[in-house]
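Report on the following structure.
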Amino acid sequence: MKTDIEISQSVQLSPIIKIGEKIDLKEDDLELYGQHKAKINFSAIQHLSKKPDGKLILVTSINPTPAGEGKSTVTIGLGDALNKIGKKTVIALREPSLGPVMGIKGGAAGGGFAQVLPMEDINLHFTGDMHAITTANNALSALLDNHIHQGNGLSIDARRVIWKRVVDLNDRELRQVMVGLGGPIQGVPREDGFDITVASEIMAVLCLASDLEDLKSRLGNIVIAYTFDLEPVTVSDLGVQGALTLLLKDALKPNLVQTIYGTAALVHGGPFANIAHGCNSILATKTALKLGDFTVTEAGFGADLGAEKFLDIKVPNLKKAPDAVVIVATIRALKMHGGVSKTELTKENIAALVKGFANLQKHIENMRSYGLPVVVAVNEFSGDTKKELSTLKELCGTQNVPVELTSVWANGPEGGIALAKRVVELIEEEQGEFRTIYQKGMDLEEKIQAIVTKIYGGSGVLFSKKAQKQLAVFEKYGWDRLPVCMAKTQYSLSDDAEALGRPEDFTVTVRELVPKIGAGFIVVLTGDVMTMPGLPKKPAALNMDVDQDGQAIGLF
Numbered sequence: 001m002k003t004d005i006e007i008s009q010s011v012q013l014s015p016i017i018k019i020g021e022k023i024d025l026k027e028d029d030l031e032l033y034g035q036h037k038a039k040i041n042f043s044a045i046q047h048l049s050k051k052p053d054g055k056l057i058l059v060t061s062i063n064p065t066p067a068g069e070g071k072s073t074v075t076i077g078l079g080d081a082l083n084k085i086g087k088k089t090v091i092a093l094r095e096p097s098l099g100p101v102m103g104i105k106g107g108a109a110g111g112g113f114a115q116v117l118p119m120e121d122i123n124l125h126f127t128g129d130m131h132a133i134t135t136a137n138n139a140l141s142a143l144l145d146n147h148i149h150q151g152n153g154l155s156i157d158a159r160r161v162i163w164k165r166v167v168d169l170n171d172r173e174l175r176q177v178m179v180g181l182g183g184p185i186q187g188v189p190r191e192d193g194f195d196i197t198v199a200s201e202i203m204a205v206l207c208l209a210s211d212l213e214d215l216k217s218r219l220g221n222i223v224i225a226y227t228f229d230l231e232p233v234t235v236s237d238l239g240v241q242g243a244l245t246l247l248l249k250d251a252l253k254p255n256l257v258q259t260i261y262g263t264a265a266l267v268h269g270g271p272f273a274n275i276a277h278g279c280n281s282i283l284a285t286k287t288a289l290k291l292g293d294f295t296v297t298e299a300g301f302g303a304d305l306g307a308e309k310f311l312d313i314k315v316p317n318l319k320k321a322p323d324a325v326v327i328v329a330t331i332r333a334l335k336m337h338g339g340v341s342k343t344e345l346t347k348e349n350i351a352a353l354v355k356g357f358a359n360l361q362k363h364i365e366n367m368r369s370y371g372l373p374v375v376v377a378v379n380e381f382s383g384d385t386k387k388e389l390s391t392l393k394e395l396c397g398t399q400n401v402p403v404e405l406t407s408v409w410a411n412g413p414e415g416g417i418a419l420a421k422r423v424v425e426l427i428e429e430e431q432g433e434f435r436t437i438y439q440k441g442m443d444l445e446e447k448i449q450a451i452v453t454k455i456y457g458g459s460g461v462l463f464s465k466k467a468q469k470q471l472a473v474f475e476k477y478g479w480d481r482l483p484v485c486m487a488k489t490q491y492s493l494s495d496d497a498e499a500l501g502r503p504e505d506f507t508v509t510v511r512e513l514v515p516k517i518g519a520g521f522i523v524v525l526t527g528d529v530m531t532m533p534g535l536p537k538k539p540a541a542l543n544m545d546v547d548q549d550g551q552a553i554g555l556f
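The opening position of the sequence shown corresponds to residue 1 in full-length UniProt numbering, with each subsequent residue numbered one higher.
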């Protein structure tokens with residue numbers, strides 16, 4: 001069997017102008033980045049705003065395991081399959097971060113015969129969006145430190161600077177650093193640290209902005225530090241929101257690429273779902289909704305993280321709820337949730353499957369609690385037995401949820417036709433009545449409690465002394481009415497990565513709150529989740545190379 005990169009390199013790509021024509025985009029609507037990548041310009045987006053929205057399909061999954069779930073692969077394959085059955089469909093995905101690409105998780109371009117292309121470009125530097133966000137973030141750090149050095153007219157307490165520098169790599173050595181060392185001319189010494197670029201508030205701001213003016217306004221609202229009098233200092237106080245917007249003006253435009261089978265895909269924005277809000281940009285999703293009768297999009301990690309944030313944070317900004325939710329699961333992953341080790345997954349184990357199904361069951365309940373129609377997509381693996389597949393179908397039947405097998409990794413759109421038809425039927429037959437998990441008027445503590453008890457299934461929340469103090473401070477500034485963005489392990493419904501399946505009677509510990517006022521939410525740090533990941537013992541980078549013709553080698 002060919003590797004993902006070997007499959008992608010064997011495909012004859014269509015000129016991106018031709019892909020644009022399929023979805024009624026003219027050449028003047030595109031800004032080309034070579035023959036196979038383009039950005040959609042603002043004038044085209046403005047023109048499209050007058051068109052009605054198509055149907056929106058959100059793809060999510062169970063809690064991820066080392067066995068793999070294939071959420072991006074199913075998203076891409078479903079988009080291809082919908083086009084195959086005559087439904088004009090556009091895909092909307094997040095951009096990969098170089099951190100997981102060079103580390104352990106892998107890319108975000110799908111796999112097998114369900115990929116967005118050019119895969120190498122998308123997984124590496126693409127159109128430079130990640131670098132623009134990194135540059136804007138670090139320009140703000142430089143301007144902030146320069147202000148303090150040059151007289152500190154805003155009376156910023158250097159001990160209370162909360163804005164961090166970023167780099168789009170996994171580099172644990174940079175989590176905590178000292179800056180400004182070396183004497184008076186080098187700046188004012190203080191503690192600092194680095195986050196990964198996808199955890200930057202600028203990434204969230206870019207993904208939630210509706211246009212350039214909204215981007216500038218949100219950037220201006222970012223809180224970067226506190227004064228000696230404990231008053232918040234914003235980017236607009238520093239007066240640099242215009243400069244940051246200038247650095248990001250091209251990065252705000254959605255990127256157009258294609259799948260192996262020529263389906264148009266908008267790949268734009270890439271916040272992680274375990275430490276950020278985990279959704280591609282508002283502009284990309286909104287544009288896709290105008291260009292197709294159906295839009296297939298995904299949210300990062302499991303439904304407890306990405307889908308919850310999509311529904312509670314993104315939907316109010318997008319002003320469009322999903323018409324259906326697809327939950328991706330695999331036999332292998334469910335057996336791991338049932339207690340089977342990765343080395344034993346090839347053996348049939350009905351008991352473990354039944355036990356692990358509790359994880360999928362919880363996610364089904366959660367998505368239905370938002371008033372949305374749900375379908376389960378079983379991503380097939382060659383080692384799945386007939387008895388295991390029939391058992392999973394029966395288990396889904398006990399929940400009265402439709403279920404379809406998919407094999408898009410191996411068979412492309414042909415492997416997703418049954419799922420595509422079922423999703424279309426579901427949308428036509430069942431009109432959801434969308435509702436968020438928490439309501440306006442709730443304070444931060446009530447919202448966190450609602451997510452922990454209703455979505456995670458926990459019994460309650462414990463707040464550290466620091467978090468308790470922050471709740472009081474945030475109420476003073478009026479931030480307690482903002483949505484919450486939970487930073488939590490992706491591997492479990494709880495804040496304990498080892499608690500697989502459907503844990504019960506657990507509490508979630510909130511150690512710290514981080515205001516993201518430009519993005520319009522409060523990040524809630526739980527457990528030991530980190531905003532700067534580290535590399536594994538054997539990073540994926542060890543397998544990567546390039547040949548004499550510039551072709552990538554070993555990139556998945």
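By construction, the Cβ of each residue, glycine as well, lies at the ideal position given by its N, Cα and C atoms.
Check, Outcome
"As assigned by DSSP and simplified to three states, the class of T194", "According to the sequence as given, residue 194 is Phe; it is not Thr. Strand at F194."
"Nearest-angstrom Cβ-Cβ length linking I122 and P254, presumed shorter than 8 Å", "No, I122 and P254 are not in contact; Cβ-Cβ is about 13 Å, not under 8 Å."
"Proximity below 8 Å, CB of G527 to CB of D496", "yes"
"Beta-carbon gap between I76 and A114 smaller than 8 Å", "yes"
"Contacts around F463, its chain only, beta-carbon distance under 6 Å, and the 5 residues preceding and following it disregarded", "V510"
"Backbone secondary structure at I156 - three-state DSSP", "strand"
"Beta-carbon proximity check, C207 vs I282, cutoff 8 Å", "yes"
"DSSP state of residue 558 mapped onto helix, strand, coil", "Outside the modelled stretch of the chain, which goes from 1 to 556, sits residue 558, for which no answer is possible."
"Three-pair Cβ contact test at 8 Å for the region 327-340 versus the region 350-361", "yes"
"Contacts around V116, its chain only, beta-carbon distance under 8 Å, and the 5 residues preceding and following it disregarded", "I76, I91, L93, A109, G110, I122, V257, Q258, T259, A265, V267"
"Three-state secondary structure assigned by DSSP to T398", "helix"
"Cα-Cα separation, A136 to I202", "8 Å"
"Cβ-based neighbour list, V375, same chain, cut-off 8 Å, excluding 5 preceding and 5 following", "A324, V325, V326, I327, V401, P402, V403, E404, L419, R422, V423, L426"
"Host alpha helix (DSSP H) of I133 (start-end)", "129-149"
"For D293 and K88, believed in contact at Cβ under 8 Å, the rounded distance", "4 Å"
"When G412, P316, T489, V59 are compared against F521, the one with the closest alpha-carbon", "P316"
"Cross-strand partners of M178 (DSSP beta bridge)", "E191"
"The alpha helix (DSSP H) enclosing K290, as first and last residue numbers", "282-291"
"In chain order, each beta strand (DSSP E) run of at least 3 residues that lies wholly inside the region 203-281", "223-227, 232-234, 255-259, 264-267"
"M532 and F272 closer than 8 Å at C-beta", "no"
"Contacting residues, own chain, Cβ-Cβ under 7 Å from L289 (five flanking each side not counted)", "D53, G54, L56, T295, K320"
"Start-end ranges of the alpha helix (DSSP H) lying completely within the region 425-473, minimum 4 residues", "444-450"
"Assumed close pair G112, I7 - CB separation to whole angstroms, cut-off 8 Å", "7 Å"
"Cβ-Cβ distance between G79 and T263 below 8 Å", "yes"
"Beta-carbon proximity list for E344, same chain, < 7 Å, skipping 5 on both sides", "none"
"8 Å Cβ cutoff met for K286 and L246", "no"
"Proximity below 8 Å, CB of T489 to CB of G302", "no"
"Residue nearest to F556 in terms of C-alpha spacing, selected from E213, D549, L542, Q548", "L542"
"Segments assigned alpha helix (DSSP H), at least 4 residues, entirely inside the region 341-385", "350-369"
"Best match in S494, Q35, R159 for proximity to P118 [C-alpha to C-alpha]", "Q35"
"Nearest-angstrom Cβ-Cβ length linking I517 and N221, presumed shorter than 8 Å", "5 Å"
"Contacts around R165, its chain only, beta-carbon distance under 6 Å, and the 5 residues preceding and following it disregarded", "N138, S141, F194"
"Boundaries (first-last residue) of the alpha helix (DSSP H) holding I45", "42-48"
"8 Å CB neighbourhood of K37 in its chain, flanking five on each side removed", "I16, P118, D121, F126, T127, N255, L256, V257"
"Element boundaries [beta strand (DSSP E), containing T526]", "521-526"
"Sequence-distant residues of the same chain with beta carbon closer than 7 Å to Q399, five excluded per side", "Q361, I364"
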